[in-house]
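Novice: Quick one: the structure is below, and I'll ask about it shortly.
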């Protein structure tokens, strides 16, 4: 079990889509207060498709790397397909098993993305 | 002189290999390892004289009772208390809660205040918050300075407000700071207040004399001092215990039960309702024997040496913040630290992959984390079975963590 495999470290040290998004359709932020992981996800959604996505925040390598991977995975996806993503998909992107204590770090970015989409749909 | 390499052989879990690496256990502040002598003492009870205590007029019950009460006497002697001033609880947390409920509820009222410190473990904060909810009293806090020492001027100033209770830790589980408890207890007494001391990180590591300290209440746990989990101790002055109402009601804490009321048992059993953790207390007795054989002065000396070495090696790292006193003589064997650019959880996971077990988190001390403005830190803590080689492996593993993870 190598949770700091090359792909994880690569995304952690060279995050994709990190930063702020102009004209975002959905913005959502959440944190794991116990460990200090914070993730913000911004999405621009047009015709039900995720056109652009950015992430921000700070925290452990797992949460940051997953956030980076998430942005690559969901760009171009239909909103309903993003909502169908689960913990198992995150584990697949990571390509490795996580100890129970680190799973929370890994699922945070996905939770934030889904919550942002749901909040946006409710507002409409 | 403690030969920690020889000692390790007594601790079965230390034989484990983690990911091919020998386990280097540096989290004794969370729980200590347990020597075979303690494990065997508990098994012997279960295998040879398994019976309830204080009840049976038959051989194995008498044997169990003798061993149980015998452990109480050993523990009393260990801290220079009388046996009937030693009350067994589940852990130090329960002991502190016992004070808040059985003493606090009857002695604290709306205009009173309870004095705490910023370096307290949650077990010495939350019970007082619960008390304040029930009794509507105030909570006061003495703060910690940037070097990890208690602001004694602030402590003195708060005492001018005449709090009814002052509760503070003997040794901080994060900073390692050893508070001047004897001095503090005297100041509290002079201010006509009751002193409650959290000794969970003190008794395992240094000689503690409650009579000399003159504190009213003192709490500690067996599992942090080579004993099993599920046993804690509340020491309290006899006079206080006589006046207090019981904490939990049930069997063994009564002399006689009638419909409307009951007569309480003598001390200490008045505060020990129901079947206790017999095996645990017997195991605790064996732990005391083990520590007495090592000698607490030797234990403390050994720990100062290891901690001093660790602190010096941690100095080799750039961007490394170590919290609390930097002089090992002023510090319990605990080193909380933060590597800039490396999240504590990542560091702990990578250290684990190299067999090194340290704690990452808030260490049940949110107020301290707030003070140092970090959500979490790493913490390495040392005990009698840790060696210089353990520190070397720890430092080597940390260097690897730094090279892999530092942004």
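Chains as they are written, first to last, in our numbering: chain C, 1 to 124; chain L, 1001 to 1407.
Each residue gets a CB set at the ideal place from its N, CA and C atoms; glycine is no exception.
Just so we're clear, the structure is a prediction, and the values are computed from it rather than from any experiment.
1. Does the Cβ of residue 1158 of chain L have 16 or more other Cβ atoms within 10 Å, making it buried, or fewer, making it exposed?
2. What would DSSP say about residue 1046 of chain L, mapped onto helix, strand or coil?
3. Taking Cβ-Cβ distances shorter than 8 Å, what residues in chain C pair up with residue 1027 of chain L?
4. So with CB distances below 7 Å, who are the chain L contacts of residue 13 of chain C?
5. Pick helix, strand or coil for residue 1391 of chain L, following the three-state DSSP scheme.
6. Taking residue 1350 of chain L as the query, report the chain C residues whose CB atoms sit under 7 Å from its CB, ordered along the chain.
7. Measure from the C-beta of residue 1376 of chain L to each C-beta in chain C and report whether the shortest distance is under 7 Å.
8. Just verifying my parser: in three-state terms, what is the DSSP assignment at residue 1021 of chain L?
9. Please tell me whether residue 36 of chain C has its Cβ less than 7 Å away from any Cβ of chain L.
10. With 16 other CB atoms within 10 Å as the buried threshold, where does residue 25 of chain C fall?
11. Is it buried or exposed, residue 1204 of chain L, if we count other Cβ atoms within 10 angstroms and call 16 or more buried?
12. Strictly under 7 Å for the Cβ-Cβ distance: is residue 1319 of chain L near chain C by that measure?
13. Just checking my contact of residue 1272 of chain L with residue 1253 of chain L at CB under 8 Å: how many whole Å lie between their CB atoms?
14. Are the CB atoms of residue 1098 of chain L and residue 1123 of chain L nearer to each other than 7 Å?
15. Where DSSP assigns a beta bridge to residue 50 of chain C, which residues make up the other side?
16. Count the other CB atoms, across all protein chains shown, that sit within 10 Å of the CB of residue 1266 of chain L; report buried if there are 16 or more and exposed otherwise.
17. Quick one: which chain C residues come within Cβ less than 8 Å of residue 1404 of chain L?
18. Using a 10 Å radius around the Cβ and a threshold of 16 neighbouring Cβ atoms, would you call residue 1319 of chain L buried or exposed?
19. Can you name the residues of chain L whose CB is closer than 8 Å to the CB of residue 102 of chain C?
20. I'd like to check one pair, residue 1021 of chain L with residue 1396 of chain L: are the Cβ atoms closer than 7 Å?
21. Does the CB of residue 61 of chain C have a neighbour CB from chain L at under 7 Å?
22. Reducing DSSP to helix, strand and coil, say where residue 65 of chain C ends up.
23. Looking at the structure shown, is residue 1076 of chain L part of a helix, part of a strand, or coil, going by DSSP?
24. List the residues of chain C whose Cβ lies closer than 8 Å to the Cβ of residue 1362 of chain L, in chain order.
25. Confirm, please, whether the CB-CB distance from residue 34 of chain C to residue 63 of chain C is below 7 Å.
26. Have a look at L:1384, L:1277, L:1324 and L:1383 and flag the residue whose alpha-carbon is nearest the alpha-carbon of residue 1369 of chain L.
27. Around the C-beta of residue 1228 of chain L, are 16 or more other C-beta atoms found within 10 angstroms, so that it is buried, or is it exposed?
28. Would you call the segment 1052–1061 of chain L in contact with the segment 1205–1218 of chain L, where contact means no fewer than 3 C-beta pairs closer than 8 Å?
29. Thinking C-alpha only, which one of C:8, C:40 and C:54 is nearest residue 22 of chain C?
30. Taking residue 1084 of chain L as the reference, which of L:1309, L:1241 and L:1047 has the closest Cα?
31. Where does residue 1139 of chain L sit, in a helix, a strand or coil, going by DSSP?
32. The alpha helix (DSSP H) that contains residue 115 of chain C, what's its start and end?
33. Taking the C-alpha atoms as reference points, what is the distance between residue 11 of chain C and residue 61 of chain C?
34. Assess contact between the segment 1038–1048 of chain L and the segment 1173–1181 of chain L, defined as three or more Cβ pairs (one per stretch) separated by less than 8 Å. Is contact present?
35. Go to residue 93 of chain C, then tell me how far its alpha helix (DSSP H) extends in each direction, as first and last residue.
36. For residue 78 of chain C, list the residues DSSP reports as bridge partners.
Specialist: For this structure:
1. Buried is the label assigned to residue 1158 of chain L, since at least 16 other Cβ atoms lie within 10 Å of its Cβ.
2. Helix at residue 1046 of chain L.
3. Per Cβ cutoff of 8 Å: no residues; residue 1027 of chain L is ~14 Å from chain C at best.
4. Listed along the chain, the chain L residues whose CB falls inside 7 Å of the CB of residue 13 of chain C are 1407.
5. Looking at residue 1391 of chain L - three-state DSSP - the assignment turns out to be helix.
6. In chain order: 4.
7. Output row for residue 1376 of chain L: interface = yes.
8. Here residue 1021 of chain L sits in strand by DSSP.
9. By this cut-off, residue 36 of chain C is an interface position.
10. Residue burial annotation: residue 25 of chain C is buried, with at least 16 other C-beta atoms found within 10 angstroms of its C-beta.
11. Residue environment analysis places residue 1204 of chain L among the buried positions, since at least 16 neighbouring C-beta atoms fall within 10 angstroms of its C-beta.
12. Put simply, the CB of residue 1319 of chain L is far from chain C, with every gap to its CB atoms at 7 Å or more.
13. Between residue 1272 of chain L and residue 1253 of chain L the beta-carbon gap is near 6 Å, inside 8 Å, which marks them as a contact.
14. Cβ atoms of residue 1098 of chain L and residue 1123 of chain L: not closer than 7 Å.
15. Answer is C:45.
16. Label assigned to residue 1266 of chain L: exposed.
17. Result: 4 and 9.
18. So residue 1319 of chain L ends up on the exposed side.
19. Those within 8 Å of residue 102 of chain C in chain L are 1345 and 1349.
20. No, the pair does not count as a contact, with Cβ atoms beyond the cut-off.
21. Closer than 7 Å to some Cβ of chain L, the Cβ of residue 61 of chain C qualifies, so yes.
22. Residue 65 of chain C: helix per DSSP, three-state reduction.
23. In the structure shown, residue 1076 of chain L sits in a helix (DSSP, three-state: H, G or I).
24. Listed along the chain, the chain C residues whose CB falls inside 8 Å of the CB of residue 1362 of chain L are 34.
25. Taking 7 Å as the Cβ cut-off, residue 63 of chain C and residue 34 of chain C do not qualify as a contacting pair.
26. Ranking L:1384, L:1277, L:1324 and L:1383 by Cα distance to residue 1369 of chain L puts L:1324 first.
27. Result: buried.
28. Result no; under three Cβ-Cβ pairs closer than 8 Å.
29. Answer by Cα proximity: C:54.
30. Of L:1309, L:1241 and L:1047, the residue nearest in Cα terms is L:1241.
31. Note: residue 1139 of chain L maps to strand in three-state DSSP.
32. Per DSSP, residue 115 of chain C is one residue of the alpha helix (DSSP H) stretching across 100–123.
33. Roughly 9 Å between the two C-alpha positions.
34. Cβ pair count under 8 Å is below three, so no.
35. Its alpha helix (DSSP H) spans residues 87–94.
36. Answer by DSSP bridge pairing, in chain order: C:49.
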